[in-house]
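Colleague: Residue numbers (the working numbering): 208 to 381. For every residue, glycine included, the Cβ atom is placed at its ideal position computed from N, Cα and C. For clarity, every value in this text was computed on a predicted model and none was experimentally measured. There's a structure below that I have some questions on.
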């Protein structure tokens, strides 16, 4: 039996914003989330500052990789890899663009925006708003406080329908 590699996520929710927010000006920008294309993956490498192997995520037939952009722009702000399971969405990977990490990041709210998108996909595909992911142990408490996630034991975290709706309403008021 093939052993499945579990990624223990270590993204930080810097701020739950209404969209994404420019760190310097405080201006908010509407965003779009769409599927990442094979052409776009060429610039998303470890050499260019990305931590994960997004090319292999994109190649995995069971996974869907989405990009977050500011409406009207092609610059990728962050990426998320998800799979729809029988009754929920599972989040494999999530990462902010290199310029949205650390103390000199350009925008706040990228991870929260992508998590809210995954919650919305769960509703759209019959998962009832349930979203699960595996967390690094030291960030379990952070996800409980920042996202309202529930610790299910071990490293498994779950976002419930009530919390999903709150995140969706925050980021996608359409």
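In this structure, how does DSSP classify residue 369 when only helix, strand and coil are distinguished?
Modeller: Counting from one through the chain shown, the residue named residue 369 turns up at place 162. Residue 369 falls in the helix class under three-state DSSP.
Colleague: Just the C-alpha distance for residue 242 and residue 287, rounded to the nearest angstrom, thanks.
Modeller: Position 35 of the chain shown, counted from the first residue, corresponds to residue 242. Position 80 of the chain shown, counted from the first residue, corresponds to residue 287. About 10 Å.
Colleague: Taking the runs of the beta strand (DSSP E) that are 3 residues or longer, which of them lie wholly in the region 238–291?
Modeller: Here the runs fully enclosed are 238–242, 271–277, 283–291.
Colleague: Are the beta-carbon atoms belonging to residue 443 and residue 301 less than 9 Å from one another?
Modeller: Any answer about residue 443 is impossible in this case: the structure gives the chain only from 208 up to 381.
Colleague: Identify every residue that forms a DSSP beta bridge with residue 339.
Modeller: The residue you call residue 339 lines up with position 132 of the chain shown. Paired residue(s): 297, 365.
Colleague: Closest to residue 229 by C-alpha separation, out of 277, 353, 342, would be which residue?
Modeller: In the chain shown, counting from the first residue as 1, residue 229 sits at position 22. Of 277, 353, 342, the residue nearest in Cα terms is 277.
Colleague: If you follow the beta strand (DSSP E) that residue 360 is in, where does it begin and where does it stop?
Modeller: Here residue 360 refers to the residue found at position 153 when the chain shown is read from its first residue. Unbroken beta strand (DSSP E) run through residue 360: 357–360.
Colleague: From the DSSP output, in three-state form, read off residue 208 for me.
Modeller: Your numbering for residue 208 matches position 1 in the chain shown. Confidence at residue 208 is low in this model, with a pLDDT of 47, below 50, so its placement is unreliable and the value that follows should be read with caution. Coil.
Colleague: Quick check: the region 289–305 against the region 334–348, are at least 3 beta-carbon pairs closer than 8 Å?
Modeller: Touching, per the Cβ criterion.
Colleague: Looking at the strands, I want to know which residues DSSP matches up with residue 314.
Modeller: Taking the chain shown and counting its residues from 1, one reaches residue 314 at position 107. Residue 314 pairs with 229.
Colleague: Just list the residues that DSSP pairs residue 236 with in beta bridges.
Modeller: As a first step, residue 236 must be located in the chain shown, where it is residue number 29. For residue 236, which the question treats as bridged, DSSP gives the partners 227.
Colleague: Taking the straight line between their C-alpha atoms, what separation do you get for residue 360 and residue 366?
Modeller: Position 153 of the chain shown, counting from 1, holds the residue named residue 360. Position 159 of the chain shown, counting from 1, holds the residue named residue 366. C-alpha separation (whole angstroms): 13 Å.
Colleague: Can you check DSSP and say which residues form a bridge with residue 303?
Modeller: Position 96 of the chain shown, counted from the start, is the residue given in the question as residue 303. Paired residues: 285.
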